[in-house]
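To start, the structure itself, in structure tokens.
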Amino acid sequence: MSGLLSNIAAPPAGTLVKTADSVRYHPRVLYIDIDIHHGDGVQEAFYLSNRVLTVSFHKYSADFFPGTGNLSEIGSDLGKYFSLNVPLQDGIDDESYVSLFKAVMEPTITTFRPSSIVLQCGADSLGCDRLGTFNLSIAAHGECVRFVKSFNLPLLVLGGGGYRGSSVARCWAYETGVLAGMSLPDELPPNNYYEFFAPDYRLHPSLTGHIQNLNTRHSLERIRVTIREKLRYMKGAPSVQMQEIPPDLMGFLASEERSREEKEEENGNADAGERRDDGPAKSGEFVDPELGGSGDGTGAKGRRTRIS
Ligand SMILES: [Zn+2]
1 MSGLLSNIAA PPAGTLVKTA DSVRYHPRVL YIDIDIHHGD GVQEAFYLSN RVLTVSFHKY
61 SADFFPGTGN LSEIGSDLGK YFSLNVPLQD GIDDESYVSL FKAVMEPTIT TFRPSSIVLQ
121 CGADSLGCDR LGTFNLSIAA HGECVRFVKS FNLPLLVLGG GGYRGSSVAR CWAYETGVLA
181 GMSLPDELPP NNYYEFFAPD YRLHPSLTGH IQNLNTRHSL ERIRVTIREK LRYMKGAPSV
241 QMQEIPPDLM GFLASEERSR EEKEEENGNA DAGERRDDGP AKSGEFVDPE LGGSGDGTGA
301 KGRRTRIS
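Residue numbers (my numbering): 1 to 308.
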């Protein structure tokens, strides 16, 4: 991928890789996350950097994954004040969410002056999600996308979580329309999956009002004021001297792998594509047959299960 794509919806995978790739070409990248879970992975990756400002809107509760993302997590070292968190409670409604989103993002964008934006559009912040406990409609979720797009900056839009398939499909279809500047009819056209969208067969079903709203006017105002104060500490956009673009890591590894195979072929000891790198378990080494990797959880597949 050569830098950021403009106004294109992408599959919900590789958020961190895509954000990191953006930094190779853009001096200041703003990462916005409206998935109901805290964007902990991207925040952690850039916690010490002022090149990427992360802003996550999420449910914050000790018993809700991943349990991080309170107001006091602001970044560290050079990255101090370049991590912003909007911790919310169950049941936030359209009006509260959208007004807070705009009240936070407008000064964030004008202060940080990003050269590009990555917007993660997790659909588990919609009402009626199987894991999420917010009350957002598809229209309100999409209004956040429309607002970010209105700044006319290079924009990469990603999917994310979402645990009610019919809502995810509707949401990202609607938001693709928002990004493409197209108005989609509420009545769904006949298609192979039509029954999947029963009983209303509409793009905008009623998803709101099922969970009690525990966010008070006072708590939301406190978040807004606190984030505005943090933006003042940021002291404007950092100037970044762009240096030689580092080599693409995946391309580098691929060429390394190729050259090794080529050498082995030259030496006549190649395994005709049957190479196995895992080998037998070493003495004293525990290998979980389901997870793979070493038993200390540091194996490639042995890390904790992640939820977006
Ligand atoms: Zn999520």
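A virtual CB, placed ideally from N, CA and C, is assigned to each residue, including glycine.
Q: Taking only beta-carbon positions, decide if G132 is within less than 8 Å of chain B.
A: In the structure shown, chain B cannot be found, because there is only a single protein chain.
(Q) If you reduce the DSSP assignment to three classes, tell me which class S83 lands in. (A) For S83, the three-state secondary structure derived from DSSP is strand.
Q: Rounded to whole angstroms, what's the CA-CA distance from L88 to G165? Just pull it up for me.
A: Using only the alpha carbons, I get a separation of about 24 Å.
Q | 8 Å Cβ cutoff met for V29 and S116 | A | Against a cut-off of 8 Å, the Cβ pair of S116 and V29 comes out as a contact.
Q: Just the C-alpha distance for D21 and C121, rounded to the nearest angstrom, thanks.
A: C-alpha of D21 to C-alpha of C121: approximately 18 Å in a straight line.
Q) So, using beta-carbon positions, are L309 and I223 closer together than 8 Å? A) Summary: the structure shown does not reach residue 309, with the chain confined to residues 1 through 308, and so no result is reported for it.
Q. Taking DSSP as the reference, what is the three-state secondary structure of R51?
A. In this structure, R51 counts as coil in the three-state DSSP scheme.
Q: Can you tell me which of S72, F134, A173, V157 puts its alpha carbon nearest to the alpha carbon of T208?
A: If you compare the alpha carbons of S72, F134, A173, V157 with that of T208, the shortest gap goes to F134.
(Q) At the level of alpha carbons, what is the spacing between G132 and F65? (A) G132 and F65 have their C-alpha atoms roughly 11 Å apart.
Q) Which value, in whole angstroms, describes the spacing of the CA atoms of T111 and L231? A) Cα atoms of T111 and L231: separation of roughly 7 Å, rounded to the nearest angstrom.
Q.
Taking only three categories from DSSP, how would you classify L30?
A. Three-state DSSP puts L30 in a strand.
Q) When burial is assigned at 16 or more other CB atoms within 10 Å of the CB, is Y31 buried or exposed? A) So Y31 counts as buried.
**Q.** Spatial neighbours of T19 in its chain, beta-carbon cut-off 7 Å, leaving aside the 5 residues before and after
**A.** Cβ neighbours of T19 beyond the five flanking positions: V29, Y31, V42, V52, V118.
Q: Give the DSSP-derived three-state secondary structure of E73 in the structure shown.
A: The answer is coil: DSSP assigns E73 none of H, G, I, E or B.
(Q) Classify N70: buried if its beta carbon has 16 or more other beta carbons within 10 angstroms, exposed otherwise. (A) Exposed, by the Cβ-count rule.
Q | C-alpha gap between A62 and D40, whole angstroms | A | Whole-angstrom Cα-Cα distance: 14 Å.
Q.
I want to check one thing, is the minimum distance from the CB of I307 to the heavy atoms of ligand 1 below 7 Å?
A. Placement of the Cβ of I307 at a distance of less than 7 Å from at least one heavy atom of ligand 1 is found.
Q | Ordered list of beta strand (DSSP E) runs contained in the segment 98 to 133, each at least 3 residues | A | Taking only runs of at least 3 residues, the beta strand (DSSP E) segments lying wholly in the segment 98 to 133 are 116 to 120.
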